[in-house]
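First comes the structure, then the notes that go with it.
Residue numbers (the numbering used here): 388 to 1034.
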């Protein structure tokens, strides 16, 4: 009993110091063996030397930089102190998680008014900038303040270079360190950056940047503020330059006057940034004294469609990758502002925003905040790079006993309808004839056709009004109400035909695909008759879901087991259980959700969406799982509300 109490006290002390834990790693600090706990608040080291405990607490706000080194991690504090944690297993996988936690801790820090460019009002630092570069002094220039969209770019009115269309963008101002030690690092880094200017270091620009192939207005509209110095690289064996802006990445290459290549990558459409594995090349390079057999290094960008674009022959690709990761996190966090519960009016006001980032100047508050920090070198088709904010736990999972093939409904491969895009459209729902068998009386098995879901009465009559009242009473079992009574201009039969039927033009499978899930296979609805309850339909949607969690596969097989119940003309309910396989801690909890639809008067309907998280096993990561899963599902239903409104 004494050991258990001591252990509980220790666990509580760790969570009190470090916050929500994202990982714990065996290591050595100052010659003492121990464990490094990485949490949302700080790093906390606990070691034992003979009969004495050695502890070290490093708050994220006091840390300037997290650096990966051979066999461990190095921490630079804002007081220019160096702390090394050595003898780590796979520090290359630990480092991205620590960078992400550092990013998260810096999000929302208030900024003193003395550091703001001519502003006296109070703002919050929205960027997620942990300095991932090898140069310690790069942290301050990267911590630039967000400004209004109208002031995002400071362009100098200069004539374009004679080489062709180009825009000259001044470098962002740098903050000069106050301490002598920091000033020395600052000056040394400034000299190094000046020497490497134009060679693609991935550091913050120190001089005005010439953006080739674009006018100043195009730079302002498409790229925004230039965040990194131009990166010299090669794409598809064509030498060019990669520009990194606040809104987009832009690659420009010109081989001959008629052979010009321009590629744009809006940040919010990027699924994943990856470091390419070094490959031996038989070609020569001018940056390596024309030597043969140099190592080709670079990064890869995966877009929403799964297409991969490789950019090779760049210097310091790990620094470039880490900077892009921080920018990706920053962009997705800045766009995800709607964490609160949305009412029907909120959904309606935001329904005009394009789910793919259109409208409102390309700003969409419903984008997931997941950026995958994994150092995977193989090509994947990851999405949302968040979901996210880097997270230690992926979205809602539950492992259950596998079903035999014979017990699963026959599957069909989902194909996007050619006549209706996955994204929002302006056309109203198709008008369909109400099912003749739908009534307030008997409950019955549900049957699917190519256009609608109808009812045939074979079960004993039930009081549908009372049964529907039971559904409403169960709302306490679903404490997370995301969308409340969203009004749609259609009937329940039209809702079923438009969103739920096997041949629905805006089905759930189409919505999942619009969010980046792939390999979708949806079974047809099959009747199910529980005793003493209204008849139901059941189906299973299998798909591949991207996972944005450290120590997890880039993609995992997932499925949604759905049950649809119709309560005559009083309402209908779709209950879903989501299961994701082969991810950490998937067997510790489950998430169930439901969509309630009922008439709202004047021929319209009201839609509510809610979910609940249930833990079936104890875990020290309960707080992190709850927070991450709640954010994931809230975003999922908020976007679904917009998706249905625009359908």
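Using N, Cα and C, we set each Cβ at its ideal position, and we do this for glycine too. As the structure is a computational prediction, the values presented were derived from the model and not from experiment.
Distance CB(residue i)-CB(residue j) smaller than 9 angstroms
i	j	result
residue 336	residue 480	The first residue shown for the chain is 388 and the last is 1034, placing residue 336 beyond what the model contains.
residue 980	residue 1003	no
residue 976	residue 869	no
residue 404	residue 426	yes
residue 710	residue 631	yes
residue 932	residue 942	yes
residue 951	residue 925	yes
residue 490	residue 717	yes
residue 987	residue 407	no
residue 688	residue 652	yes
residue 1031	residue 873	yes
residue 488	residue 409	yes
residue 616	residue 627	no
residue 1006	residue 972	yes
residue 705	residue 662	yes
residue 1013	residue 1000	yes
residue 961	residue 1020	no
residue 693	residue 620	no
Whole-Å CB distance - residue i paired with residue j, under 8 angstroms assumed
i	j	result
residue 707	residue 875	About 46 angstroms; that fails the 8 angstroms criterion.
residue 638	residue 655	At roughly 18 angstroms, the Cβ-Cβ gap does not stay under 8 angstroms, so residue 638 and residue 655 are not in contact.
residue 712	residue 660	6 angstroms
residue 909	residue 896	5 angstroms
residue 984	residue 958	6 angstroms
residue 929	residue 946	5 angstroms
residue 849	residue 921	6 angstroms
residue 424	residue 431	4 angstroms
residue 966	residue 877	Contact flag wrong, Cβ pair sits at about 31 angstroms.
residue 422	residue 413	6 angstroms
Residue environment, residue i, which counts as buried when at least 16 other CB atoms sit within 10 Å
i	result
residue 635	buried
residue 614	buried
residue 882	buried
residue 475	buried
residue 448	exposed
residue 469	exposed
residue 649	exposed
residue 859	exposed
residue 604	exposed
residue 894	buried
residue 857	exposed
residue 398	exposed
residue 466	exposed
residue 813	Note that residue 813 has pLDDT 37, beneath the 50 cutoff, so the model's placement of it is unreliable and the number below is only indicative. It is exposed - the Cβ of residue 813 has fewer than 16 other Cβ atoms within 10 Å.
residue 457	exposed
residue 703	buried
residue 478	buried
residue 866	exposed
residue 811	With a pLDDT of only 38 at residue 811, under the threshold of 50, the placement of this residue in the model should not be trusted; the figure read from the coordinates follows. Buried, by the Cβ-count rule.
residue 438	exposed
Residue i - containing alpha helix (DSSP H), residue span
i	result
residue 454	Residue 454 -> not in any alpha helix (DSSP H); beta strand (DSSP E) instead, spanning 450–456.
residue 609	Neither: residue 609 is in no alpha helix (DSSP H) and is coded neither H nor E.
residue 996	Where residue 996 is concerned, there is no enclosing alpha helix (DSSP H), although the beta strand (DSSP E) it sits in stretches over 991–1002.
residue 857	851–860
residue 1010	1009–1033
Continuous beta strand (DSSP E) stretch holding residue i: start and end
i	result
residue 461	459–464
residue 698	695–699
residue 643	635–643
residue 483	Here residue 483 belongs to no beta strand (DSSP E); instead the alpha helix (DSSP H) covers 478–493.
residue 648	646–653
residue 945	942–954
residue 977	976–988
residue 472	469–472
residue 624	That residue, residue 624, is in no beta strand (DSSP E); it is neither H nor E in DSSP.
residue 963	958–967
residue 973	Here residue 973 belongs to no beta strand (DSSP E), and DSSP marks it neither H nor E.
residue 601	Unbroken run through residue 601: none, as it is neither H nor E.
residue 874	867–875
residue 409	408–416
Residue i beta carbon near the ligand COA (any heavy atom closer than 8 angstroms)
i	result
residue 718	Although the ligand COA was asked about, the structure shown includes no ligands whatsoever.
Please go through the segment 422–453 and give each complete beta strand (DSSP E) segment of 3 or more residues, from N-terminal end onward. 429–436, 439–446
Entirely within the segment 882–938 and at least 3 residues each: give me those beta strand (DSSP E) ranges in chain order. 905–910, 913–915, 923–933
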